[in-house]
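Trainee: So the protein sequences, as listed, match chains A and B.
My numbering numbers the first residue of the first sequence as 1 and each following residue consecutively.
My numbering numbers the first residue of the second sequence as 1 and each following residue consecutively.
Glycine included, C-beta positions come from ideal geometry on N, C-alpha and C.
Supplied in structure tokens, the structure appears directly below.
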Amino acid sequence: MFGLIDYGMGNLSSVYKALKAVGAKDVRIISSRREIDETYAVILPGVGNFGDGMENLNSKELTYPLQKAIDFGKPFLGICLGMQLLMEESEEAPGFHGLGIFKGKATKFSPDLNLKVPHVGWNSVHFKERHPCIDGINNDDFFYFVHSYYIEPLNQEIVLGITDYGFDFCSCIGFNNVFATQFHPEKSQDAGLKLLKNFVNIVQQ
Amino acid sequence: MLAKRIIPCLDVTCGRVVKGTNFVNLVDAGDPVEAAVEYNNQSADEIVFLDITATSDNRTTMVDVITKTAERVFIPLTVGGGIRSIDDMRIMLNSGADKISLNSAAVKEPNLIKQGADKYGSQCIVLAIDAKRDEKNPGNWTVYTHGGRKSTGKDVLKWAVEGVKKGAGEILLTSMDKDGTKDGYDIELTKKISENVQVPVIASGGAGNLGHLFDVLDRGKADAVLAASIFHFGMYTVPEAKKYLTSKGIITRLS
């Protein structure tokens, strides 16, 4: 069973529909510790504020079960805010602890670069390494982004893909059982569906 | 590098696609779900559905169109027309829309932008502005509502800045002077707004050929272009447009 975490941070229907479209057999929208324990894989989507996201995870008592599921090696897919929450903290919400799976933080695009923020639209992802989740995807393929913060992991080994928006930022990470994207695979047409399909196939094998 | 977006717009009434010329003459152009699937196949970057009659009966039909499209099309979907409350937004987002375009309702109640952005995030809220050149005041534009029939007296730039401050994540800017003319986008208007707001600006109104798309993306500093009739009636396909733009040095998502 794929567990799509509902923690009040945005609409889950497009992720749900995309997972079904690529052949995920049993997708459930879940919001309790018990349900997390029952899943084979956890998907943490989400848009919005880092602080609100952590506050909602904390009040639903999902923070520890999520950390535990990741530590125990359960396949994990984070999307957008669901990627940023893996870090220790974010400039968006000083004082809030993230899930802290990886050292580092989420940083706001600097106004000095004279970029439009949020970064909205299709941008290419340059994959530095191979990973089962990106099998069959062309390097530098375009994916759909919408975000104002990006992650800066201390351990560069987790960085799988980078994207140029005035400078190169980390747009995709992969480390052991954790795979996460700053972009929205569920809104990235063929390339995005291929990525989700890879994740689904890995879990269902 | 971030690609410039090409966004076909489907004007919908009673579950059918129409295209207004200056919002007056309507020509039937097919089933909106099939049209959206076709544009998805053509690698359009997003799709906008505009409910042009926006009655409550029509809203139910629109929910059905969005639901069916979202099962087959995995690119961002925007829906606009007649959305007046947080409740309307919720219904559209739950049926599969990614973004809500607010126009007249936001002019009437600017806090609707803030309410929507607070509840669903700025990335969901597109502020649609219908702009008409102010003849007495060159270099300035006035906000119109109700399909371009009603002047609000508001200055377009001031309204755009206010909308962004309230949480709009993108501006969909339509030139009422150019809409339906097919003689090009309003470059001056687009450039003025795009250079003075921090969020992406989608240019709309006036596309008649591919050169017009290039001009507004290049000189007009638009982040995306909205077009209807040049694509609807098969004059150009989206890949042709992208190929042309790429040859002129504009970054697009080719596939």
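With a 10 Å radius around its C-beta and 16 neighbouring C-beta atoms as the bar for buried, classify residue 1 (chain B) as buried or exposed.
Mentor: Walking along the second sequence from the start, residue 1 (chain B) turns up at place 1. Residue 1 (chain B) should be labelled exposed.
Trainee: CB-CB under 8 Å to residue 110 (chain A), same chain, minus the five flanking residues each way: which ones, in chain order?
Mentor: Counting from 1 along the first sequence, the entry for residue 110 (chain A) is found at position 110. So the list is empty, once near-sequence residues are dropped.
Trainee: DSSP three-state label for residue 75 (chain B), please.
Mentor: For the purposes of this step, residue 75 (chain B) is taken as residue 75 along the second sequence, with counting starting at 1. The answer is coil: DSSP assigns residue 75 (chain B) none of H, G, I, E or B.
Trainee: Less than 7 Å between C-beta atoms, sequence neighbours within five positions excluded: which residues of the same chain meet that for residue 157 (chain B)?
Mentor: Position 157 of the second sequence, counted from the first residue, corresponds to residue 157 (chain B). Excluding residues within five positions, the ones whose Cβ falls inside 7 Å are 192, 193, 196.
Trainee: Under a three-way DSSP split, which group does residue 241 (chain B) fall into?
Mentor: Here residue 241 (chain B) refers to the residue found at position 241 when the second sequence is read from its first residue. Residue 241 (chain B) falls in the helix class under three-state DSSP.
Trainee: Give the interface partners of residue 76 (chain B) over in chain A, defined as CB-CB distance under 7 Å, in chain order.
Mentor: Numbered from its first residue, the second sequence carries residue 76 (chain B) at position 76. Under the 7 Å cutoff, chain A gives 144, 187.
Trainee: Under 7 Å, Cβ to Cβ, is there at least one residue of chain B near residue 47 (chain A)?
Mentor: For this step, residue 47 (chain A) is matched to residue 47 along the first sequence. Output row for residue 47 (chain A): interface = yes.
Trainee: Consider the Cβ of residue 45 (chain B): report whether some Cβ of chain A lies at a distance smaller than 7 Å.
Mentor: For this step, residue 45 (chain B) is matched to residue 45 along the second sequence. For residue 45 (chain B), the answer is yes, since a Cβ of chain A falls inside 7 Å of its Cβ.
Trainee: Residue 38 (chain A) to residue 199 (chain B), Cα distance in whole Å?
Mentor: Residue mapping note: residue 38 (chain A) aligns to position 38 of the first sequence, counting from 1. Residue mapping note: residue 199 (chain B) aligns to position 199 of the second sequence, counting from 1. Approximately 42 Å between the Cα atoms of the pair.
Trainee: Thinking C-beta only, is residue 205 (chain B) closer than 7 Å to residue 178 (chain B)?
Mentor: Counting from 1 along the second sequence, the entry for residue 178 (chain B) is found at position 178. Counting from 1 along the second sequence, the entry for residue 205 (chain B) is found at position 205. Yes. Within cutoff.
Trainee: Return the chain-ordered list of same chain residues with a C-beta closer than 7 Å to the C-beta of residue 140 (chain B), the five sequence neighbours on each side being excluded.
Mentor: Position 140 of the second sequence, counted from the first residue, corresponds to residue 140 (chain B). Cβ within range, chain order: 134, 155.
Trainee: Pick helix, strand or coil for residue 115 (chain A), following the three-state DSSP scheme.
Mentor: Locating residue 115 (chain A) in the first sequence gives position 115, where the first residue counts as 1. In this structure, residue 115 (chain A) counts as coil in the three-state DSSP scheme.
Trainee: Only counting the same chain, and skipping five residues up and downstream in sequence, which positions put a Cβ closer than 6 Å to that of residue 176 (chain B)?
Mentor: Here the question's residue 176 (chain B) lines up with position 176 in the second sequence. For residue 176 (chain B), where only same-chain residues beyond five positions count, the Cβ hits under 6 Å are 130, 132, 144, 148.
Trainee: Going by other Cβ atoms of all chains shown within 10 Å of its Cβ, with 16 needed for buried, is residue 7 (chain B) buried or exposed?
Mentor: Walking along the second sequence from the start, residue 7 (chain B) turns up at place 7. With 16 or more other Cβ atoms within 10 Å, it is buried.
Trainee: Three-state secondary structure (DSSP) at residue 84 (chain B)?
Mentor: Position 84 of the second sequence, counted from the first residue, corresponds to residue 84 (chain B). The answer is coil: DSSP assigns residue 84 (chain B) none of H, G, I, E or B.
Trainee: Secondary structure at residue 187 (chain A), three-state DSSP: helix, strand or coil?
Mentor: In the first sequence, the residue the question calls residue 187 (chain A) occupies position 187. It is helical.
Trainee: Anything in chain A within Cβ reach of residue 89 (chain B), meaning under 7 Å, just list it in chain order.
Mentor: Translated into the one-based positions of the second sequence, residue 89 (chain B) becomes position 89. Result: empty, since nearest Cβ-Cβ is about 11 Å, beyond 7 Å.
Trainee: Tell me which residue opens and which closes the alpha helix (DSSP H) that residue 222 (chain B) is part of.
Mentor: Position 222 of the second sequence, counting from 1, holds the residue named residue 222 (chain B). Run containing residue 222 (chain B): none; DSSP gives neither H nor E here.
Trainee: Check the C-beta distance from residue 36 (chain A) over to residue 77 (chain A) and give it rounded, since I have them as a contact under 8 Å.
Mentor: Here the question's residue 36 (chain A) lines up with position 36 in the first sequence. Here the question's residue 77 (chain A) lines up with position 77 in the first sequence. Actually they do not touch by this definition, with Cβ atoms about 14 Å apart.
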